[in-house]
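Novice: Can you keep this structure in mind? I'll have questions shortly.
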Amino acid sequence: MSMCTWEEMLLITEAIIRPGLEPGAVDVFFEFICYYGGPLPEDLLPQFKCPVLVAWGEKDPWDPIKLGRAYGNFDAAPQISPLSNEDEKPEMVNPLIESVVLVTFKVQDSPCSRH
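Counting in the numbering used here, the sequence shown runs from 1 upward without gaps.
What follows is the structure, encoded as structure tokens:
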């Protein structure tokens with residue numbers, strides 16, 4: 001790793017800031033962090049006839065796992081899978097997804113299960 005030159009730092013800063021200066025960028029940002037639109041999970045879960053995997057970070061700083069556990073009251077999501085800050089590690093999350101797929105579709109021999 002090396003230090004950036006002043007010119008490189010300006011280019012990097014501009015590359016980060018420029019998208020935020022586009023028309024409508026502020027609205028998109030607030031829509032993302034505030035989630036004003038679209039259906040809520042509690043509105044969608046009753047519509048599902050197949051199991052839904054709800055994986056939730058145990059130490060999620062914005063939405064405590066207590067909120068996620070409430071989804072376990074829906075027939076479609078009978079179990080909540082807590083994640084120990086592993087939600088960005090495919091090797092931890094993929095087995096959870098695979099287990100739901102294998103059980104849901106009763107797949108006996110999956111290429112994913114052969115390592």
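The beta-carbon is built from N, C-alpha and C at its ideal position, and this holds for glycine as well. Being a predicted model, the structure only gives us computed values, none of them experimental.
Fully enclosed by the stretch 15 to 62, which alpha helix (DSSP H) runs are 4 residues long or longer?
Specialist: Qualifying alpha helix (DSSP H) stretches, in chain order: 25 to 34, 41 to 44.
Novice: Would residue 56 and residue 80 qualify as a contact pair, given that the criterion is a beta-carbon distance under 7 Å?
Specialist: Yes.
Novice: Residues in the same chain with beta-carbon distance under 6 Å from residue 52, minus the five sequence neighbours each way, listed in chain order, please.
Specialist: Here the set comprises 76, 77.
Novice: Beta-carbon within less than 6 Å of residue 46's beta-carbon, same chain only, minus the 5 sequence neighbours each way: which residues are those?
Specialist: Correct list: empty, nothing qualifies.
Novice: Under 7 Å between the Cβ atoms of residue 58 and residue 82?
Specialist: Their beta carbons are under 7 Å apart, which means residue 58 touches residue 82 by this criterion.
Novice: With a threshold of 7 Å between beta carbons, is residue 3 in contact with chain C?
Specialist: Looking at the structure shown, chain C is missing, and only one protein chain is on hand.
Novice: For residue 42, which of 73, 66, 64, 26 has the nearest alpha-carbon?
Specialist: Residue 73 is the option with its Cα nearest to residue 42.
Novice: Give the straight-line distance between the Cα atoms of residue 70 and residue 63, rounded to the nearest whole angstrom.
Specialist: Cα to Cα, residue 70 sits roughly 12 Å from residue 63.
Novice: Can you find the residues in the same chain that come closer than 6 Å, C-beta to C-beta, to residue 113, ignoring five residues on each side of it along the sequence?
Specialist: Only weak support is given to the placement of residue 113: the predicted model assigns it a pLDDT of 45, under 50, and the value that follows is read from those uncertain coordinates. Excluding residues within five positions, none has a Cβ falling inside 6 Å.
Novice: Taking the C-alpha atoms as reference points, what is the distance between residue 84 and residue 60?
Specialist: Using only the alpha carbons, I get a separation of about 9 Å.
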